[in-house]
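If you use my numbering, the sequence shown corresponds to residues 1 to 136, in order. Positions of the beta carbon are idealized from the N, C-alpha and C atoms, including for glycine. A quick note: this is a predicted structure, and the numbers were derived from the prediction, not measured. Accompanying notes for the structure given below.
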Amino acid sequence: MDITIHASFLPHVDPEASLAFYRDTLGFEVRNDVGTGTMRWITVGPPGQPGTSVLLAPPAVDPGITDDERRTVTEMMAKGTYGWILLAAKDLDGTFERLQAGDTEIVQEPTEQPYGIRDCAVRDPAGNLVRIQEVR
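Written out as structure tokens, the structure reads:
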């Protein structure tokens with residue numbers, strides 16, 4: 001079997017702010033940008049990895065979602081407990097400095113974890129948790 005991760009999905013509430021974070025702060029490439037206003041689907045990905053993408057999409061727009069479910073998603077996003085992604089960087093300290101220099105909400109500075117990794121955590125403009133592990 002030859003299976004790879006092609007895309008992961010994260011919600012956005014402000015496509016311009018999310019685009020600025022993933023493109024300008026993290027350095028991801030914009031691969032696709034479809035729609036208008038807040039109804040935009042933006043595909044970004046790390047340079048040199050054309051087969052791996054993150055789709056930034058409006059939350060809870062599926063017509064099968066109930067109003068109660070939509071409210072729950074909105075509440076979870078506001079608390080920062082809905083979406084998250086785990087990234088990796090060879091230079092965790094340099095990456096963290098770049099995040100700190102921007103208007104990024106810092107959740108955790110680079111820390112050696114008891115389970116054997118060193119990582120940091122921030123929130124993107126939609127409240128999604130972005131953890132970044134150090135590649136050793």
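| request: Please go through the same chain and pick out, in chain order, the residues whose beta-carbon is closer than 6 Å to the beta-carbon of L99, but skip the five residues on each side of it. | output: Mapped onto the sequence shown, residue 99 falls at position 99. Once the five neighbours on either side are set aside, the close Cβ partners of L99 are V122.
| Same chain, Cβ closer than 7 Å to P46, neighbours up to 5 away in sequence not counted | Residue 46 sits at position 46 when you count from the first residue of the sequence shown. Result list for P46: F28, T52, in chain order.
| query | Can you list, in chain order, the residues of its chain whose CB lies under 6 Å from that of P50, leaving out five sequence neighbours each side? | reply | If you number the sequence shown from 1, residue 50 lands on position 50. Answer for P50: no residue qualifies.
| task | Rounded to whole angstroms, what's the CA-CA distance from T43 to F9? Just pull it up for me. | result | Against the sequence shown, residue 43 aligns to sequence position 43. Against the sequence shown, residue 9 aligns to sequence position 9. Distance between the alpha carbons of T43 and F9 is about 9 Å.
| Where do the N-terminal and C-terminal ends of the beta strand (DSSP E) with G94 fall, by residue? | By one-based count along the sequence shown, residue 94 stands at place 94. It is not in any beta strand (DSSP E) - G94 instead sits in the alpha helix (DSSP H) that spans 92-101.
| CA-to-CA distance, D119 to I85, given in whole angstroms | Here residue 85 corresponds to residue number 85 of the sequence shown, with the count starting at 1. Here residue 119 corresponds to residue number 119 of the sequence shown, with the count starting at 1. The straight-line gap from Cα to Cα measures roughly 13 Å.
| request: Would you list the one or two residues that DSSP bridges to F9? | output: Residue mapping note: residue 9 aligns to position 9 of the sequence shown, counting from 1. In DSSP, F9 forms a bridge with L55.
| Supposed close pair E69, A57 - CB separation, criterion 8 Å | Taking the first residue of the sequence shown as position 1, residue 69 is located at position 69. Taking the first residue of the sequence shown as position 1, residue 57 is located at position 57. Incorrect: roughly 16 Å between the Cβ atoms, too far for contact.
| said: For the beta strand (DSSP E) containing I67, name the first residue and the last one. | reply: For this step, residue 67 is matched to residue 67 along the sequence shown. In the sequence as presented, Ile is not what sits at residue 67; that position holds Asp. No beta strand (DSSP E) contains D67, which is instead part of the alpha helix (DSSP H) from 67-79.
| Among G37, P125, G48, M39, which has the Cα closest to the Cα of R31? | In the sequence shown, residue 31 corresponds to position 31, counting from 1. Residue G48 is the option with its Cα nearest to R31.
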